Each structure stands twice: as C-alpha cells, then as structure tokens.
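Structure, as structure tokens:
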Amino acid sequence: MRYDIIITLILVLIHTGLFANETISFTWEGGGHKNFQLTATFNEEYTIDWGDGIVEKMLGNQRDLLRHNYHDDNEYTVIIKSVRDNCFFTDLYIRGSKLIHLDVSKGFSLKNIICSINQLSILDVSNNVNLETLGCDNNKIKKLDLSKNKKLTILNCNGNLLKVLNLNTCEKLHTLYCSNNRLLILEIQKLPYLRTINCSFNHLTSLDVTGSDNLYSLNCQNNKLTNLNIIKNSSIGLDYGNSIRELNCYNNSLKLSDLYKINKVATPFSRIFGRQVLKSILINIGEIVDFSEERKFDGIETSFTITEKGITSSSEKYLISEGKIKFTQEGNYTITFKNSNIKDGNHGGTQGNWQDTVQIEIDIIVKK
Numbered sequence: 062m063r064y065d066i067i068i069t070l071i072l073v074l075i076h077t078g079l080f081a082n083e084t085i086s087f088t089w090e091g092g093g094h095k096n097f098q099l100t101a102t103f104n105e106e107y108t109i110d111w112g113d114g115i116v117e118k119m120l121g122n123q124r125d126l127l128r129h130n131y132h133d134d135n136e137y138t139v140i141i142k143s144v145r146d147n148c149f150f151t152d153l154y155i156r157g158s159k160l161i162h163l164d165v166s167k168g169f170s171l172k173n174i175i176c177s178i179n180q181l182s183i184l185d186v187s188n189n190v191n192l193e194t195l196g197c198d199n200n201k202i203k204k205l206d207l208s209k210n211k212k213l214t215i216l217n218c219n220g221n222l223l224k225v226l227n228l229n230t231c232e233k234l235h236t237l238y239c240s241n242n243r244l245l246i247l248e249i250q251k252l253p254y255l256r257t258i259n260c261s262f263n264h265l266t267s268l269d270v271t272g273s274d275n276l277y278s279l280n281c282q283n284n285k286l287t288n289l290n291i292i293k294n295s296s297i298g299l300d301y302g303n304s305i306r307e308l309n310c311y312n313n314s315l316k317l318s319d320l321y322k323i324n325k326v327a328t329p330f331s332r333i334f335g336r337q338v339l340k341s342i343l344i345n346i347g348e349i350v351d352f353s354e355e356r357k358f359d360g361i362e363t364s365f366t367i368t369e370k371g372i373t374s375s376s377e378k379y380l381i382s383e384g385k386i387k388f389t390q391e392g393n394y395t396i397t398f399k400n401s402n403i404k405d406g407n408h409g410g411t412q413g414n415w416q417d418t419v420q421i422e423i424d425i426i427v428k429k
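In structure tokens:
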C-alpha cells in the first residue's frame, strides 16, 4: 500500500476519534469546592489539569466524582486528557457549576453529556456521533445542531434561547423536552420512536407529529398554535387502543373545529384543551364575521357570548345567525364560544373523572 494512502487513513482515523487520545475541556467560574462526574475506561490512565497549576493523574472508573478546591474566585479552564488511545470517556456530568465554555469535540466516545443549569451560550456536539443522551437545559444556548447525532435517544434542552430546532435526523429519539425556549420552528416529522414531547411555552404556530406513531405524551401548551396535526398517526385511532394518553394544548389559538377533530381521533387518559385565544380581527360596521364552521358539533349547538370589557353586550349591537355575526355599532368586542361536546377530560385514575367545556375567545374591533 502506498505511504500517502496510509497517512491519509491515519489522519481520517484521528479525525473520527478511532485512533486518537481523547480530550475534554471546559471553563467554569468561581472558587471553592467544584466537582463533576466522568466515566472513563476502567483502570486506564488519564490526567486532569485543573487550570490552577495542579495536574492530577487518574485511573478510569464508573462515574467517578472528581473534586477540586480553588483558593480564588476566577475563571479556570479544566483539561482532561487520556494518556493512551485505549482510554475512552463515555459519560460527563457537570450540573450547576457556572460553566461558561465546554469543548467536547475530541470526546469522541461520549454517550451521555449532562451540562444543565450553567451559562453556556454555545454547545457543539457535531463530533459526538455516539451521543445517546444530551441534557443541556437551563443555559443560554441559541443554536443546537444535532444533525450528526443519529444515536440520540433523549434530549433535554428546556430553558434556553433556541428559535429553531431540527431533529429529523435523530431517528432514534424517544424523549424530547424543549419547553421554555423561543421556538418558532420545531422539525420532528420523521421520528417514529418518539414517546414524549414537551414543547410548551414557546412561539410555535404549527406542530406536526404525524410521523410519531408511538407518541404517548404531548404537551404543547402556551404556544401560538393555529395548526396541530396529529390525525395521520397510525396509532391514534377512534378507539381506546391508541398510543397517546396525555395531551395538553392549553392556551393556544386552536378553533373549536380543530379541537373537535383532535377530540375525535385522540382519546387520551388526560386531555387539556382549556382556553384558546384566536387572533383578533379588525372589521367595519356591517361586515360579517363567519364562524359557521364552529356553530354545531354532533348536533350540539355552540353558544356565542359577546362582551365589551367583560360586560355582556346589548343584542342591539349585533346580529347573529347560524354562526355568522354582523356588528351594527363600533366598539371593541370579545366573542366567547363553547360547545358542550368538546371538553377537557380525565378518564379515570386517582383524580377521578372530570370534564370541563373548552372556551374559545377572539377580540373583534369594529370601526365605522
């Protein structure tokens, strides 16, 4: 074999982590007692440079709790290196440690990374192709590229600054927590093993989970959803044998007709539709607002209540017929509609059975 080919192969092996000493580094703030947990190959040697002039030699073990005491409040960069290429790092846990930088680009064997409750603004895991669990919740991360992490099964990125999250390449993912971000886009259409999704408290206007046939729990409350697509899920049928058992879409912008469809195809153990607020409408006097699609479900009429600043409006200010409303006077109105056929529900369990009628609200501004 030619020497240039051999050299190329060696470089490839080094780049992919198959023939290289592993290294992890991070920077944390503060002094006093600090600690983290690391799993390294049993009885294999590695070193820790604590960033204050002290370097320790360690032997690998299962989830070692590694401690150090700093005399001064400062920023310290810790460097962990394997001594030989047969020492691999598989688990790293650094929670609540005022972490401001984490470099795992040469931690090729890492399967589990937990770096929750820190101050990270950047996290690059593109080289961690063996990653199965990532917990980076409660940081300041704005972007998270997981396109190379095809073995990922659990992701917790709650409480960050993410606007876009594309997980369609993470085909083995079964648990997703991404609540309390700034998400406008969540791409999860191709994840057949997903069981749990919590994407609550974001800015999503549309959510498609039709590719998640095994979905058990979906919490998408407190978004801006006008479209929630679960109907194509093969496991979500008209009987109680479907997979989804917990559904919470409280405080979005879903219409009664949307909830009616969901209600027909999803029969969860716990279902919370709650209050939905639709986008306000500006119209002129005499224009018709058409809610005819919302007026009747399975023979049950929808009730429409029209108020101004919480007080019931005079019937002289509007005309209503078959869900079509025409206002005859200017003003700021709120229309609330309910249908007793569309309810929240808890179908048994320790809390017993309960059902509350869902409430939809929309503000109508009428001008001359």
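Residues in the sequence shown are numbered from 62 upward in steps of one, following our numbering. Beta carbons: idealized from backbone N, C-alpha and C, even for Gly. Keep in mind it's a predicted model, so treat the numbers as computed, not measured.
How about residue i and residue j: do their beta carbons lie closer than 8 Å?
| i | j | result |
| --- | --- | --- |
| valine 186 | isoleucine 174 | yes |
| isoleucine 349 | isoleucine 381 | no |
| serine 86 | valine 139 | yes |
| asparagine 82 | alanine 101 | no |
| phenylalanine 158 | tryptophan 111 | Sequence check: residue 158 is serine here, not phenylalanine. No, they are not a contact pair. |
| glutamate 391 | lysine 429 | yes |
| leucine 226 | glutamate 248 | yes |
| leucine 171 | leucine 205 | no |
| asparagine 284 | asparagine 313 | yes |
What's the C-alpha gap between residue i and residue j?
| i | j | result |
| --- | --- | --- |
| histidine 235 | threonine 389 | 54 Å |
| serine 264 | phenylalanine 330 | In the sequence under discussion, the amino acid at residue 264 is histidine, which differs from the serine named in the question. Using only the alpha carbons, I get a separation of about 26 Å. |
| asparagine 393 | leucine 222 | 35 Å |
| tyrosine 379 | isoleucine 291 | 37 Å |
| threonine 363 | histidine 162 | 55 Å |
| glycine 406 | aspartate 146 | 57 Å |
| asparagine 213 | glutamine 337 | Per the sequence shown, residue 213 should be read as leucine rather than asparagine. If I take the Cα positions, the gap works out to 34 Å. |
| leucine 126 | methionine 119 | 12 Å |
| isoleucine 346 | isoleucine 367 | 16 Å |
| asparagine 229 | isoleucine 258 | 14 Å |
| cysteine 260 | asparagine 288 | 14 Å |
| lysine 211 | threonine 271 | 20 Å |
| valine 116 | leucine 252 | 44 Å |
| glutamine 250 | aspartate 274 | 10 Å |
| threonine 84 | cysteine 281 | 39 Å |
| glycine 114 | asparagine 309 | 52 Å |
| arginine 156 | valine 165 | 15 Å |
| glycine 91 | threonine 108 | 22 Å |
| arginine 306 | arginine 256 | 10 Å |
| lysine 209 | asparagine 188 | 7 Å |
| asparagine 400 | phenylalanine 365 | 9 Å |
| phenylalanine 262 | glutamate 355 | 27 Å |
| aspartate 417 | isoleucine 202 | 38 Å |
| asparagine 294 | glutamine 180 | The predicted position of asparagine 294 is uncertain, since its pLDDT is 49 and thus under 50; a value taken from the coordinates is nonetheless stated next. Using only the alpha carbons, I get a separation of about 38 Å. |
| aspartate 152 | glycine 168 | 10 Å |
| valine 419 | phenylalanine 334 | 6 Å |
| arginine 124 | tyrosine 311 | 40 Å |
| phenylalanine 103 | asparagine 242 | 39 Å |
| isoleucine 178 | glycine 220 | 9 Å |
| serine 143 | asparagine 199 | 30 Å |
| aspartate 134 | arginine 128 | 16 Å |
| tyrosine 137 | leucine 279 | 41 Å |
| lysine 224 | leucine 315 | 22 Å |
| glutamate 369 | aspartate 359 | 30 Å |
| leucine 149 | glutamate 106 | The amino acid occupying residue 149 in the given sequence is phenylalanine; leucine does not appear at that position. For phenylalanine 149 and glutamate 106, the distance between alpha carbons rounds to 10 Å. |
| arginine 18 | lysine 233 | Here the chain comprises residues numbered 62 to 429, so residue 18 is not present and cannot be evaluated. |
| glycine 371 | glutamate 377 | 17 Å |
| tyrosine 254 | lysine 357 | 37 Å |
| threonine 373 | isoleucine 361 | 23 Å |
| serine 353 | leucine 207 | 44 Å |
Assuming residue i and residue j make a contact with CB atoms under 8 Å, what is their CB distance in whole Å?
| i | j | result |
| --- | --- | --- |
| leucine 160 | cysteine 176 | 6 Å |
| glycine 93 | tyrosine 131 | 6 Å |
| leucine 237 | leucine 216 | 5 Å |
| threonine 395 | isoleucine 421 | Wrong, their Cβ atoms sit about 11 Å apart, outside the cutoff. |
| serine 304 | tyrosine 321 | The Cβ separation is near 21 Å, so there is no contact. |
| leucine 286 | isoleucine 403 | 16 Å between Cβ atoms; not a contact. |
| cysteine 218 | cysteine 197 | 5 Å |
| leucine 99 | isoleucine 141 | 7 Å |
Per DSSP, which residues does residue i bridge with? Please list them.
| i | result |
| --- | --- |
| glycine 93 | Tyr131 |
| threonine 236 | Ile215, Thr257 |
| threonine 368 | Thr373, Thr395 |
| glutamate 248 | Asn227 |
| threonine 430 | Limits of the chain in this structure are 62 at one end and 429 at the other, which puts residue 430 out of reach. |
| arginine 336 | Gln420 |
| tyrosine 194 | Reading the sequence as shown, one finds threonine at residue 194 and not tyrosine. Per DSSP, Asn173, Ile215. |
| glutamine 98 | Leu126, Tyr154 |
| serine 450 | Look at the range of the chain in this structure, 62 to 429, and you will see that residue 450 is not part of it. |
| phenylalanine 388 | Tyr379 |
Check the Cβ-Cβ distances between residue i and every residue of chain D, and say whether any is below 8 Å.
| i | result |
| --- | --- |
| serine 166 | Reference to chain D is not applicable here, since this structure consists of a single protein chain. |
Handout entry: Cβ contact check for the stretch 335-354 and the stretch 420-427: 3 or more pairs under 8 Å
Key = yes
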